[in-house]
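Quick notes on the structure that follows.
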Amino acid sequence: MTEPFLKPKRKNPLARTTQPLLPPQARSRKAHGLTLAAATGRFMLQCCGECGRYTYPAREACPNCLSSDLPFREAPTGGLLLSETRIEVTSDPYFREHMPWRTGLVQLDCGPIAVVHLHGDCGGLGSRLKLSLQLDRAGQAVFFAKPVSETPHMEDDPQWCEMTADPKHRRVLITDGRSPLALPLAQALGKAGAAKIFVGVTDRWKPFDQQASLEAIEGVEFLDLDLTSERSVQELSMDIGAKVEILINTADHVRPAHLFDVGAANIAREAMDHTVMGLMRLAQAFGPVMRSRGADGAAGAVAWVNVLSVHGLSNAPQSGVHSAAHAACLSLSQWLRTELRPGGIRVINAFAGPLDTEWFQTVPPPKVVPRALADAVLDGLKCGLEDIYVGDVAKDIEARLFDNPKAVEREAGQ
Amino acid sequence: MVVSRARQSYDGVVLAVPVTVPYQRYSIETAHWWMGKALRALAEGAGISHRDFDGFSVASFTMGPDAAIALTQHFGLSPRWLDHLPMGGAAGIASIRRAARAVQAGDADIVACVAADTNQVDTFRKTLANFSRFAQDASYPYGAGGPNASFALIARHYMDRYGATREDFGKLCVAQRDNALKNLDALMKKPLTLEQYMSARPIAEPFHLFDCVMPCAGAEAFLVMREETAVSLGLPFVRLLSAIERHNAFAEDPVQVRGGWVVDCDELYGMAGSAPDDMDFVQTYDDYAVISMMQFEDLGFCAKGEGPDFVRQHTFTIDGSFPHNTSGGQLSVGQAGAAGGHLGITEAMRQLLGTAQGRQVGDAKLGLVSGFGMINYDRGLASAAAILARA
Chain A
1 MTEPFLKPKR
11 KNPLARTTQP
21 LLPPQARSRK
31 AHGLTLAAAT
41 GRFMLQCCGE
51 CGRYTYPARE
61 ACPNCLSSDL
71 PFREAPTGGL
81 LLSETRIEVT
91 SDPYFREHMP
101 WRTGLVQLDC
111 GPIAVVHLHG
121 DCGGLGSRLK
131 LSLQLDRAGQ
141 AVFFAKPVSE
151 TPHMEDDPQW
161 CEMTADPKHR
171 RVLITDGRSP
181 LALPLAQALG
191 KAGAAKIFVG
201 VTDRWKPFDQ
211 QASLEAIEGV
221 EFLDLDLTSE
231 RSVQELSMDI
241 GAKVEILINT
251 ADHVRPAHLF
261 DVGAANIARE
271 AMDHTVMGLM
281 RLAQAFGPVM
291 RSRGADGAAG
301 AVAWVNVLSV
311 HGLSNAPQSG
321 VHSAAHAACL
331 SLSQWLRTEL
341 RPGGIRVINA
351 FAGPLDTEWF
361 QTVPPPKVVP
371 RALADAVLDG
381 LKCGLEDIYV
391 GDVAKDIEAR
401 LFDNPKAVER
411 EAGQ
Chain B
415 MVVSRARQSY
425 DGVVLAVPVT
435 VPYQRYSIET
445 AHWWMGKALR
455 ALAEGAGISH
465 RDFDGFSVAS
475 FTMGPDAAIA
485 LTQHFGLSPR
495 WLDHLPMGGA
505 AGIASIRRAA
515 RAVQAGDADI
525 VACVAADTNQ
535 VDTFRKTLAN
545 FSRFAQDASY
555 PYGAGGPNAS
565 FALIARHYMD
575 RYGATREDFG
585 KLCVAQRDNA
595 LKNLDALMKK
605 PLTLEQYMSA
615 RPIAEPFHLF
625 DCVMPCAGAE
635 AFLVMREETA
645 VSLGLPFVRL
655 LSAIERHNAF
665 AEDPVQVRGG
675 WVVDCDELYG
685 MAGSAPDDMD
695 FVQTYDDYAV
705 ISMMQFEDLG
715 FCAKGEGPDF
725 VRQHTFTIDG
735 SFPHNTSGGQ
745 LSVGQAGAAG
755 GHLGITEAMR
765 QLLGTAQGRQ
775 VGDAKLGLVS
785 GFGMINYDRG
795 LASAAAILAR
805 A
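The listed protein sequences derive, respectively, from chains A and B.
Residue numbers are given in my numbering: position 212 of the first sequence equals residue 212, and the series is strictly consecutive.
Take any residue in the second sequence, count from 1 to its spot, add 414: that is its number in my numbering.
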C-alpha cells in the first residue's frame, strides 16, 4: 500500500539545500540500446537474429549461438518475481539517501533474468509483475517492476518518483502564455496537482485569446517574460527561479519564408531570436538554479520540457526556417540535457507535427490539436520519458528516420 | 562430442609454507605492500631467496594498473612461469591446479601462489562500482548494494525453496566466531551469540550485520612444488590429492541454487580415493552462510535441499561433529579481497601440518577446501575444490 504523497511542508529557509547526487552511471555502449527504448517508453531487449532468443544483460554475442546479430526488439512486458530484497546499506552516496531500497530478481516472460527496481506494492515471491524500462536520475536505463493491476496512489511510490517527473505539488513555469498550448497545458497541470503554474507573457497590456480561461485556473499566475530580452528573462529568474521545479518552454515563432526570398535571412534571424536564443537565455537564467535544486525535497526541481517541431529532425521545405530554428533548438536542448544531468533534471523534448492553429492554416491534415500535445507532455512527465513524438506526422517521421533518414530527406516537400 | 580422457593424478605435488599476513580493517598501503610481505614470509619460511621462486601466481582485485608481469620487476622476481588469476574466491584453488601441473611437467620447480588486497578507505566502493561489465550494466545501478544485495536475492530464494531459516545461517556464523576466538589473526575478537546474530541491524533482507563479511586488507600465500623439492629443502608439506574447478555451470537455473561443484564432485572424490565422510574437516568459501550450505550439498555431504537439516544435525566448531572453517572463516577473520579464497587453503595446510595451535583438529589427516567467486551479475560464476592430505 503506497502512502499518498501529501503536499510538502514549507521549507525552512534556514535549512541547507540537499545537493543532488546521481545513481551509478557507468554503462557499456551496447547497454544504451535500453536507453534508446526507455527514452521513448518502449520495452526492448536484445533478441538474436539467428536463433531468436532474447538475452540480457546486453551482450556482443548470443550466448546460445554466438551470433553477433543482436538487435534490440520489442519484448513482452510481463515477468515473475523469483526473489526480492530490501537494501538497507549501500556504499553509494545517491542510494544511501534513499534507503531502504527494494529490488527483485525477475524472470521475464521473454526468457532472461533481470535485477529490477521493485515498486512497493509488488506482492511476494511468485507474483506476476509488469515491467518497464525507465530512465533513472542519471538518465540511464533501468528495469522497473510494478504490480500488474493498479493500486491506490501507485504513482506516489518513492522509488517510482525517482524515475518520473510528476507535476504533483510542484511549481511549473510555462514560458509563453500566448502559445495555443498554454491553456491546455495549464488545465492538465492543474488537474495533475501542480502547486503553482507561472505563465510568462510578453507585453501583458496586449490582450490575448485565452487570457480569461487561463486566469480562471487555480494556481495560475501571469508574469512578464519576453524571451527576446536577456534582461526580462534574468529578472524573472531572480524573481521565481528558485521556485520553478518544472519548466515547459512553449516558445515558437512560425513565419513562412522561402530560402531564396529577399529578406529571408531576417525572418530566420527573428525566428532564431525567439526560439534558439530564447532557449539559450532561459537556460542561462533558469538552468543553474534548477540544477542546484534537483534534490531539494520530495518536490524538488525535476524536469525541463522543450516543445519542438518534428521538422527539426529533418528539414521540411514548406516550413524551412521553422525547421532550421528547431534543429538548432534540438542541438541546444541536447547540450542543456548534459548540463542539467548533474542535478538529476530530466530534459524532455516533445516533437510535434504541425499544430492545428492559425500559423499552420495552409498545412494539410493530419495536424495536432494543442490539447493532445499538452496531454502527451503530461504523460511524458508522469512516465519519465525523454523523447515524445506527438501526432501522426511526428510518429511517421520518427519511424521513417529510424528506418532510413535519407529517404525522409529526399521525400520532403513532395 | 569430445570424449574427455581421464585426468592424470597429482602424484608428487605438494604444498608448503602456509603464510598469512595478519589482516587490517583498513590499510594505507597498496596491494603491492601486502604482496611483498607475503613473498618475504614465503622466502623466510622456505629458507631460500625469493629469487629462487621460478614460478609466480598472483590474485588481487587492487593491484591495478599492474598486471602480473609488472609485479616481477616490482619484487625482483625472475620466474619462468607466471600466472594471474582474477577469479576472486576460486583463485586459490585454481592457482593450485595450474601450479601443480607446472611443477609436474617441470615448467617450474617452486611456484609462489600469492593473494593480496589492500583496503583503503574507499577501496571497497570502487571495486564494486568497477567490478564487471554485467555488474555495471545490470546489477550495481539497482541500489548499489554490492554482493550483499546480490546474495540476498539468492539467499531469500534458497530459504523459500528449501526451508532454511535465519537461525540456520546464524548457527554457522556463531560456530565460526567460536573458532575465530582461537585464531589470533582473526579481526573479530568478541564472542557472538545467536541472539546477537538474530537482532543485528538489517543490511539487505534476509541478511543482517553478522551475515556479511568485513572487507579488509591482508595477504595469504603458499608454495607449490614437487615432493622431492620439499624434501631437499627440508620443508614440511601436505599432499594435493585432487582438485576441480568449473565456471558458469547451470546457467539455465533461474536463480542460483547450486554451483559447479555438482558437475565434478564425483571426480573430486574419485581422484582422491576418498568419500565425503572421510574428511576430518571442511573449509568452505563462506562469503555468506547460505553459500556454505550450498557447498555442503554440492560437495556431497548431504543431498540438494538438505543443507538446512544438515546444519541442524551438526556442530561446526573445531571440536564438533563437523569441523568447519576452523580459522573462523572470512565471516570472522575478515575478507581480504581475493585472499578470501586462499584463507581456507592456508588453514587446511596448517591443520594437516599440525601447526594450527589452539584450533588444531585432532588427528587431521584429510581435509577439503572449496572456493567460490565472482558474482558477475546475478550469481557466483566460479567454483572450485581440492582435497589435501597429511604427508
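Glycine is no exception: its CB is placed at the ideal position from the N, C-alpha and C atoms.
Cβ pair residue i, residue j closer than 8 Å
| i | j | result |
| --- | --- | --- |
| B:Asn790 | B:Ala566 | no |
| A:Thr90 | A:Thr175 | no |
| A:Leu214 | A:Leu223 | no |
| A:Glu245 | A:Gly300 | yes |
| A:Cys161 | A:Ala145 | no |
| A:Gly384 | A:Arg346 | yes |
| B:Glu666 | B:Arg511 | no |
| B:Gln438 | B:Met628 | no |
| B:Leu499 | B:Ser471 | yes |
| A:Leu336 | A:Ala283 | yes |
| B:Ala543 | B:Tyr554 | yes |
| A:Arg128 | A:Leu80 | yes |
| A:Val310 | A:Tyr389 | yes |
| A:Phe5 | A:Lys168 | yes |
| A:Ala38 | A:Leu135 | yes |
| A:Pro207 | A:Tyr94 | no |
8 Å Cβ cutoff, residue i in contact with chain B
| i | result |
| --- | --- |
| A:Ser91 | yes |
| A:Leu105 | yes |
| A:Pro158 | no |
| A:Leu125 | yes |
| A:Gln46 | no |
| A:Ile388 | no |
| A:Leu82 | yes |
| A:His326 | no |
| A:Asp136 | yes |
| A:Gln19 | no |
| A:His117 | yes |
| A:Ser68 | no |
| A:Trp101 | yes |
| A:Ala267 | Note on identity: in this sequence residue 267 of chain A is Ile, with Ala being the wrong assignment. No, because no Cβ of chain B sits closer than 8 Å to the Cβ of A:Ile267. |
| A:Ile87 | yes |
Neighbour flag for residue i against chain A, beta carbons, 8 Å
| i | result |
| --- | --- |
| B:Asp582 | no |
| B:Leu567 | yes |
| B:Arg547 | yes |
| B:Ser613 | no |
| B:His738 | no |
| B:Asp574 | yes |
For residue j and residue i, believed in contact at Cβ under 8 Å, the rounded distance
| i | j | result |
| --- | --- | --- |
| A:Leu227 | A:Val201 | About 11 Å separates the two Cβ atoms, so there is no contact after all. |
| A:Ala141 | A:Leu70 | Not really, about 16 Å apart at Cβ, beyond 8 Å. |
| B:Val645 | B:Met763 | With 8 Å as the limit, B:Val645 and B:Met763 do not qualify as a contact, their Cβ atoms being about 17 Å apart. |
| B:Gly506 | B:Ile705 | Not really, about 15 Å apart at Cβ, beyond 8 Å. |
| B:Gly785 | B:Tyr699 | 5 Å |
| B:Ala719 | B:Phe710 | In the sequence as presented, Ala is not what sits at residue 719 of chain B; that position holds Gly. Actually they are not in contact, since the Cβ atoms of B:Gly719 and B:Phe710 sit about 11 Å apart, beyond 8 Å. |
| A:Pro113 | B:Pro668 | As written in the sequence, residue 113 of chain A is Ile, which differs from the Pro given in the question. Contact holds; Cβ gap of about 6 Å. |
| A:Ala350 | A:Val377 | 5 Å |
| B:Ala799 | B:Trp675 | 6 Å |
| B:Gly459 | B:Val428 | Going by Cβ atoms, the distance from B:Gly459 to B:Val428 rounds to 14 Å, so no, they are not a contact pair. |
Per DSSP, cross-strand counterpart(s) of residue i
| i | result |
| --- | --- |
| B:Trp495 | B:Gly469 |
| A:Ser309 | A:Ala352 |
| A:Asn110 | According to the sequence displayed, residue 110 of chain A carries Cys and not Asn. Looking at the DSSP assignment, A:Cys110 forms no beta bridge with any residue, so it has no partner. |
| B:Asn593 | Bridge partners of B:Asn593: none, in fact. |
| B:Ala631 | B:Gln438 |
| A:Ile248 | A:Ile174 and A:Val305 |
| A:Thr85 | A:Thr103 |
| B:Met639 | B:Val428 and B:Ile524 |
Examine the Cβ distances between the segment 437-445 of chain B and the segment 504-523 of chain B and report whether three or more of them are shorter than 8 Å. no
The segment 629-646 of chain B touching the segment 523-534 of chain B, judged by at least three CB pairs closer than 8 Å: yes
Below 8 Å, can you find three or more Cβ-Cβ pairs linking the segment 21-38 of chain A to the segment 167-183 of chain A? no
For the pair the segment 320-329 of chain A and the segment 256-270 of chain A, tell me if three or more CB-CB distances fall below 8 Å. yes
Are the segment 741-756 of chain B and the segment 531-548 of chain B touching by the rule of at least three beta carbon pairs closer than 8 Å? yes
Below 8 Å, can you find three or more Cβ-Cβ pairs linking the segment 60-77 of chain A to the segment 36-47 of chain A? yes
Could you say if the segment 598-611 of chain B and the segment 397-404 of chain A meet the contact criterion of at least three C-beta pairs nearer than 8 Å? no
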